[in-house]
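**Q**
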Amino acid sequence: MFGSYEFGVTLNIDGIKIETYKEDGFYVYHRRSETQEVRKVISFASRLLVNPSEPVRLPKEVTHYLLIELQEPVFIAPNDELTFYITFPVEFGVYVAGRKNVELLDSFTLTSPKYTLYGTPKDGVICRWWGSYVHRQIPEIDPYLEGIMKVNVKNICDDWVEVKNLVFDAYHMKIYYGDFASMHAAVKVINTKVAETSFIERPIMDGMKKAVELFSLRKLPVMRKAFVMEWGL
Amino acid sequence: MIDPVTDIADVLAFKIYGDTSLYDVLIFTFVISAAVIIARILRTNLRRTLKDRIAGDLLNVIEKLVYYIVITIGVISALPQIGVNLTGLLVAGGIVGLVIGFASQSVVANLISGLFLIFERPVKIGDQINVEGVSGFVEDIHVLSTIVRTYDGVYVRIPNEKVFSSSITNFVANVARRFEYTIGISYSDDAGKAVEVIRRVVEAHPFALRNPPPAIFVDSLGDSSVNIVVKVWAPSTVWYDVKMDLLWKIKVELEKAGITIPFPQRVVHFAEGGVKIESGKDVSA
Chain A
1398 MFGSYEFGVT LNIDGIKIET YKEDGFYVYH RRSETQEVRK VISFASRLLV
1448 NPSEPVRLPK EVTHYLLIEL QEPVFIAPND ELTFYITFPV EFGVYVAGRK
1498 NVELLDSFTL TSPKYTLYGT PKDGVICRWW GSYVHRQIPE IDPYLEGIMK
1548 VNVKNICDDW VEVKNLVFDA YHMKIYYGDF ASMHAAVKVI NTKVAETSFI
1598 ERPIMDGMKK AVELFSLRKL PVMRKAFVME WGL
Chain B
21 MIDPVTDIAD VLAFKIYGDT SLYDVLIFTF VISAAVIIAR ILRTNLRRTL
71 KDRIAGDLLN VIEKLVYYIV ITIGVISALP QIGVNLTGLL VAGGIVGLVI
121 GFASQSVVAN LISGLFLIFE RPVKIGDQIN VEGVSGFVED IHVLSTIVRT
171 YDGVYVRIPN EKVFSSSITN FVANVARRFE YTIGISYSDD AGKAVEVIRR
221 VVEAHPFALR NPPPAIFVDS LGDSSVNIVV KVWAPSTVWY DVKMDLLWKI
271 KVELEKAGIT IPFPQRVVHF AEGGVKIESG KDVSA
């Protein structure tokens, strides 16, 4: 499913057919499903990379935040920590691999995107919404729809905290892929209302490859490495 | 015999006014030109490097700041070359400034308002605003005026003083905004089913925000219809697209569910025995 493919490939991703072929002297990229068709001309017979991309860009890029609502809230004791697994939505990024760099050619998802507001209309942020149960072990998932995020929540305050939502910034995401997509996140709870979310540059399992970071290409070096959730957990 | 080197040196040493020679004027011109070229190169490179990385309005302010700072440095460095004493200029500047201020009050008012607009930022480039009855996108904020492109694509230049002193409605200042519809259904249809159909359509739309939650309820019993109000929050950047898209989807789904959107209608009851018309007058029978 994810990986690198030579020109001329035909892929079938859960009913979505992706092809690259030569037609009338043009190199063509073609994706089609029951509801959508995308056709693009490429200047040379380039390789195709199919990677999981930051899941905040479809159907239209309006934000760079992902909010995961925990279907079972997690209570964490003062100065304690807990590691668990949750799921996140998968968006496929199809890249053309040039002689020196890669460029996004197409993207699609098999999930139904939904957006929400975190915070207030004045100061908050729009987020892609996703709901997930909390798992102690890596859960069974449909890799076409979901990826797995390992989350380590560390409560450094002196109160019990209830965590219902986690908000992540796509600019910090480090996505890896193998048979499924994965991320490894760290959450530092500062007080009952404020937490800091960041990503660890390490796959959750051995043998996973790093996906192309679409947002990091636009990132300024001075940007923070963590997102501060200041409108509640 | 004529020595060309001495000849050029003589021309360059030619005094234009006071101690300022042609050579000084050339150096002045060169420094100013170099400053303008450097400022333009910096501006272009900044735009190319930061275009994808920071918001367009902020980039515009940074570009202008860098551009004018470089040119100001160039002018300040070059002025002594043509004999302009900056200390004297500062003293004279007070008096001259006063005179210019009185002479060009509106220009100064626009300038000051422009600076406040750039730094206070009630509107940003790309925002959708309404000022003095003009609605559209903010194209640019200059020092003296703000350029608005109306929704019809018309260019409107509004003096900054007017923008600053008027009520500004910024449709996208907040990240999310709400819109609403009133949908009338027939009295003979099931209002509960209609609410459910509308709720499903709203929940399926990616940009109808999950939180704040949408509100869908029977609002009033009208003359011809049961009126259902639908209030939906959407990201400010796409709210109008969502508003158009959602209303169409609601209409289609209501029709599929067999729910009718009635025309205005009035039920007329005739008195028993009907109406007898005599000599063009209505007379009760």
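Line order of the protein sequences matches chains A and B. Take 1398 as the starting number for the first sequence in our numbering and just add one per residue. Take 21 as the starting number for the second sequence in our numbering and just add one per residue. Glycine is no exception: its CB is placed at the ideal position from the N, C-alpha and C atoms.
1) Pull up the distance between the alpha-carbon of B:ALA193 and that of B:GLY212, whole angstroms please.
2) Can you tell me where the beta strand (DSSP E) holding A:TRP1628 begins and where it ends?
3) At a Cβ cut of 9 Å, what residues of the region 211-224 of chain B count as close to chain A, listed as they run along the chain?
4) If the cut is a Cβ gap below 9 Å, which residues of chain A does B:THR189 touch?
5) So A:LYS1511 contacts chain B; which residues on that side make the cut at Cβ distance below 9 Å?
6) Where does the unbroken beta strand (DSSP E) through A:VAL1493 begin, and where does it stop?
7) Are three or more beta carbon pairs between the region 196-204 of chain B and the region 165-184 of chain B nearer than 8 Å?
8) Quick one: what does DSSP say B:TRP306 is sitting in, helix, strand or coil?
9) Would B:LEU85 be called buried (16 or more neighbouring beta carbons within 10 Å of its own) or exposed?
10) What three-state label does DSSP hand B:GLU223 in the structure shown?
11) Would B:VAL258 pass as an interface residue toward chain A - the criterion being a Cβ-Cβ separation below 8 Å?
12) So B:ILE138 and B:VAL81 are supposed to be a Cβ contact under 8 Å. How far apart are they, rounded?
13) Mind checking who B:TRP253 pairs with in its DSSP beta bridge?
14) Grab the span of the alpha helix (DSSP H) containing B:ASP30 for me, first residue to last.
15) Is B:LEU79 close to chain A, meaning its C-beta is less than 8 Å from at least one C-beta of that chain?
16) Go ahead and pull the three-state DSSP assignment for B:ASP147.
17) Tell whether a beta-carbon distance below 8 Å holds between A:GLU1466 and A:LYS1561.
18) Consult DSSP for A:GLU1559 and reduce its assignment to one of helix, strand or coil.
19) Taking C-beta to C-beta, are B:PHE191 and B:ILE149 nearer than 8 Å?
20) Using a C-beta cutoff of 8 Å, does A:LEU1501 count as contacting chain B?
21) Drop a sphere of 10 angstroms on the beta-carbon of B:SER185, count the other beta-carbons inside from all chains shown, and report buried for 16 or more, exposed for fewer.
22) Give the residues of chain B in contact with A:GLY1490, contact being defined as C-beta atoms less than 8 Å apart.
23) Between A:TYR1512 and A:GLY1521, is the Cβ-Cβ spacing less than 8 Å?
24) What residues in its chain sit with their C-beta under 7 Å from that of A:PHE1577, if we drop five residues either side in the sequence?
25) Verify the CB distance criterion: does B:TRP253 have a CB-CB separation below 8 Å to chain A?
26) With DSSP as the reference, label A:HIS1569 as helix, strand or coil.
27) Per DSSP, what kind of secondary structure is A:ILE1535 in: helix, strand or coil?
**A** With the structure as the only source:
1) For the purposes of this step, residue 193 of chain B is identified with residue 173 of the second sequence, where counting begins at 1. For the purposes of this step, residue 212 of chain B is identified with residue 192 of the second sequence, where counting begins at 1. The straight-line gap from Cα to Cα measures roughly 36 Å.
2) Residue numbering aside, residue 1628 of chain A sits at position 231 when the first sequence is read from its first letter. Element bounds for A:TRP1628: n/a, residue is neither H nor E.
3) GLU223 and ALA224
4) Locating residue 189 of chain B in the second sequence gives position 169, counting from the first residue. The premise fails here: B:THR189 is roughly 15 Å from chain A at the closest Cβ pair, so nothing lies under 9 Å.
5) Along the first sequence, one-based indexing puts residue 1511 of chain A at 114. By Cβ distance, chain B contributes GLU223, ALA224, HIS225, PRO226, PHE227, ALA228, LEU229 and ARG230.
6) Taking the first sequence and counting its residues from 1, the one referred to as residue 1493 of chain A is at position 96. Taken as a continuous stretch (DSSP letters only), the beta strand (DSSP E) holding A:VAL1493 covers 1488-1494.
7) no
8) Here chain B comprises residues numbered 21 to 305, so residue 306 of chain B is not present and cannot be evaluated.
9) The residue given as residue 85 of chain B occupies position 65 in the second sequence. It is exposed - the Cβ of B:LEU85 has fewer than 16 other Cβ atoms within 10 Å.
10) The residue you call residue 223 of chain B lines up with position 203 of the second sequence. Reduced to three states, the DSSP call for B:GLU223 is helix.
11) As a first step, residue 258 of chain B is located in the second sequence; it is residue number 238 there, counting from the start. It does: the Cβ of B:VAL258 has a partner Cβ on chain A nearer than 8 Å.
12) Position 118 of the second sequence holds residue 138 of chain B. Position 61 of the second sequence holds residue 81 of chain B. B:ILE138 to B:VAL81, Cβ: 6 Å. Contact.
13) As a working note, residue 253 of chain B is residue 233 in the second sequence. Bridge partners of B:TRP253: B:ARG198.
14) In the second sequence, counting from the first residue as 1, residue 30 of chain B sits at position 10. Run containing B:ASP30: 24-32, per the alpha helix (DSSP H) assignment.
15) Numbered from its first residue, the second sequence carries residue 79 of chain B at position 59. With 8 Å as the cut-off, B:LEU79 does not count as an interface residue toward chain A.
16) Translated into the one-based positions of the second sequence, residue 147 of chain B becomes position 127. Of the three classes helix, strand and coil, the one that applies to B:ASP147 here is coil, per DSSP.
17) Translated into the one-based positions of the first sequence, residue 1466 of chain A becomes position 69. Translated into the one-based positions of the first sequence, residue 1561 of chain A becomes position 164. For A:GLU1466 and A:LYS1561, yes; Cβs fall inside 8 Å.
18) Taking the first residue of the first sequence as 1, we reach residue 1559 of chain A at position 162. Strand.
19) Within the second sequence, residue 191 of chain B is the residue found at index 171, counting from 1. Within the second sequence, residue 149 of chain B is the residue found at index 129, counting from 1. In contact: B:PHE191 and B:ILE149 (Cβ atoms closer than 8 Å).
20) Translated into the one-based positions of the first sequence, residue 1501 of chain A becomes position 104. A:LEU1501 does not count as touching chain B.
21) Stepping through the second sequence from its first residue, residue 185 of chain B is reached at position 165. With fewer than 16 other Cβ atoms within 10 Å, it is exposed.
22) Position 93 of the first sequence holds residue 1490 of chain A. What A:GLY1490 touches in chain B: nothing, since even the nearest Cβ is about 16 Å away.
23) One-based indexing of the first sequence puts residue 1512 of chain A at position 115. One-based indexing of the first sequence puts residue 1521 of chain A at position 124. Not closer than 8 Å, so no.
24) Numbered from its first residue, the first sequence carries residue 1577 of chain A at position 180. Excluding residues within five positions, the ones whose Cβ falls inside 7 Å are ILE1538, PRO1540, GLY1544 and ILE1545.
25) Position 233 of the second sequence, counted from the first residue, corresponds to residue 253 of chain B. Chain A contact via Cβ: present.
26) In the first sequence, counting from the first residue as 1, residue 1569 of chain A sits at position 172. Looking at A:HIS1569 - three-state DSSP - the assignment turns out to be helix.
27) Your numbering for residue 1535 of chain A matches position 138 in the first sequence. Residue state, collapsed to three classes: coil.
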